[in-house]
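Written below as structure tokens is the structure these notes are about.
Residue numbers (the working numbering): -16 to 337.
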């Protein structure tokens, strides 16, 4: 079967090659991948800015159908439509694992960088990390559940937002726009979305199409001045930082009001180059949330805007799988390493990138 493989260490070093079908253990299922997404992590693996263990099949955001199951598997049938949490390998014994935070295990390895992933026809998966895809949800939509779960977990389940909050969101990529929708669902009063010059067109236009009225390019409109204007000089109740850019991270402390909150989604290690002055902790009470492949599904009902969001999620173009590099380059152009979200769709005869 065809797979997009990161073959060795080094920038790019990717190859579309034939690989053997995986052999499942007694407690695993074999999943036929129907859709997968190009994530910011995939871009970092491509450019050698994220740890990985080559050779490894890339891709971790996926949806598919159970094609086979191990002898000890119960509760799952061939033909079930499924998605999976990406923290596949974890020790189960460390401090964080024993408290339920397996996504933060120091020994964790996930599909796409630590073990073989979803940019192929079949992958094997432990049943304990599977979730059923609801009726009426397409495979392409289901492939977005994992990144969407990150935003829902941070903004709603971890109580970053309070009803009536004025919110500034920095970084209107796929994660940022999902975070904005989650914040709106959770009761935000107003949301100011701030993008970069490179976001003109696709990202900022998409934000407006999703119904957000206050959308600015920081090169044309000063975010701090706009925030203070909209809040009578008070500042934002909550700043959601989704860009990972050190200047944006530093500016969150200017934008947030006293005793406000800061939620950083997708914060990367190298973004720590944004150094904070000693006075910040005396003036603000920020809440940092570092999310990395968190997937807690089925706890929040977001059906209020589901139909509109589902319609918009089906509008992306497709590219044949033999030109997967084109899909990655498009993700780089439109999403940068912080997020292209082009789903990857596989059929029996050929695969394609949306």
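We treat Cβ as the ideally placed atom computed from N, Cα and C, and that holds for glycine.
(request) Kindly list the residues whose CB is nearer than 8 Å to the CB of residue 90, restricted to its own chain and excluding five residues on each side of it in sequence; keep chain order. (result) Cβ neighbours of residue 90 beyond the five flanking positions: 72, 73, 74, 77.
(message) Contact defined as beta carbons within less than 8 Å: I believe residue 407 pairs with residue 12. What is the distance between those atoms, to the nearest angstrom?
(response) Residue numbering for the chain in the displayed model covers -16 to 337; residue 407 lies beyond these limits and cannot be assessed.
(request) Keeping to the same chain, check which residues put their C-beta closer than 7 Å to that of residue 266; ignore five residues upstream and five downstream. (result) Its pLDDT being 37, under 50, residue 266 is placed unreliably in this model, and the coordinates cannot settle the point.
(request) Ignoring anything shorter than 3 residues or poking outside the region 41 to 78, list the beta strand (DSSP E) runs there in chain order. (result) DSSP runs (the beta strand (DSSP E)) wholly in the region 41 to 78: 44 to 52, 64 to 67.
(request) Taking residue 107 as the reference, give the member of 28, 68, 154 with the closest Cα. (result) Among 28, 68, 154, the Cα nearest to that of residue 107 belongs to 68.
(message) Checking the sheet assignment: what are the DSSP bridge partners for residue 92?
(response) DSSP lists 72 as partners of residue 92.
(message) Under 8 Å: do the region 32 to 52 and the region 4 to 20 share three or more Cβ pairs, one atom per stretch?
(response) Taking 8 Å as the limit for Cβ pairs, the verdict is that the region 4 to 20 does touch the region 32 to 52.
(request) List the endpoints of the continuous beta strand (DSSP E) containing residue 34. (result) Where residue 34 is concerned, there is no enclosing beta strand (DSSP E), given that its DSSP letter is neither H nor E.
(message) Counting C-beta neighbours from all protein chains within 10 Å, is the total for residue 55 16 or more, i.e. buried, or is it exposed?
(response) So residue 55 counts as exposed.
(message) Going by DSSP, what residue range makes up the alpha helix (DSSP H) through residue 211?
(response) Secondary structure note for residue 211: its alpha helix (DSSP H) is the uninterrupted segment 206 to 213.
(request) Compute the Euclidean distance between the alpha carbons of residue 143 and residue 70, then round it to the nearest angstrom. (result) Computed Cα separation, rounded: 24 Å.
(message) Distance check for residue 216 and residue 35, CA to CA, integer angstroms please.
(response) Going from the Cα of residue 35 to the Cα of residue 216 covers about 46 Å.
(message) Can you give me the C-alpha to C-alpha distance between residue 141 and residue 1, rounded to a whole angstrom?
(response) CA-CA distance, residue 141 to residue 1, rounds to 43 Å.
(request) Measure the C-alpha to C-alpha separation of residue 112 and residue 204 and round it to an integer number of angstroms. (result) C-alpha separation (whole angstroms): 44 Å.
(request) Mark residue 85 as exposed unless 16 or more other C-beta atoms lie within 10 angstroms of its C-beta, in which case mark it buried. (result) Buried is the label assigned to residue 85, since at least 16 other Cβ atoms lie within 10 Å of its Cβ.
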